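Numbering (the UniProt record's numbering), first residue to last: 1 to 112.
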């Protein structure tokens, strides 16, 4: 467990708070969500890209909003997303277009 330290005068005292984001879902809520959908730790972990042990940890300690959003996406039938070659090529194209527009505007030309 990480501690946040508070300075009082010349002394530094731990507050017992975690430096991590505030929990959005309790562990009980995560467990209820998983069990209501008849999922095992292993299956949910596979869908989220986590180990079964990580799922168990979330059920004990709660989860942040990011995990809650991932659970909501799974609930709506969205599959985990991975960038394809086409996605990466689109990024390169976007970067090149921005560079061309910036270069054209620096030269006083009108960019299309």
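For each residue, glycine too, the CB sits at the ideal point set by N, CA and C.
Note that the coordinates shown come from a computational prediction; the quantities given were computed from them, not determined experimentally.
Proximity below 7 Å, CB of residue i to CB of residue j
{"i": "residue 55", "j": "residue 45", "result": "yes"}
{"i": "residue 27", "j": "residue 69", "result": "no"}
{"i": "residue 51", "j": "residue 24", "result": "no"}
{"i": "residue 47", "j": "residue 71", "result": "no"}
Buried/exposed call for residue i, threshold 16 Cβ in 10 Å
{"i": "residue 86", "result": "exposed"}
{"i": "residue 67", "result": "buried"}
{"i": "residue 35", "result": "exposed"}
{"i": "residue 78", "result": "exposed"}
{"i": "residue 91", "result": "exposed"}
For residue i, three-class secondary structure by DSSP
{"i": "residue 74", "result": "helix"}
Taking only runs that begin and end inside the segment 80-109, name each unbroken alpha helix (DSSP H) of 4 or more residues, in chain order. Within the segment 80-109, the alpha helix (DSSP H) runs of at least 4 residues that lie entirely inside it are, in chain order, 85-106.
Would you list, in sequence order, the uninterrupted alpha helix (DSSP H) runs of no fewer than 4 residues that lie entirely inside the UniProt domain "HTH cro/C1-type" (30-59)? 41-48
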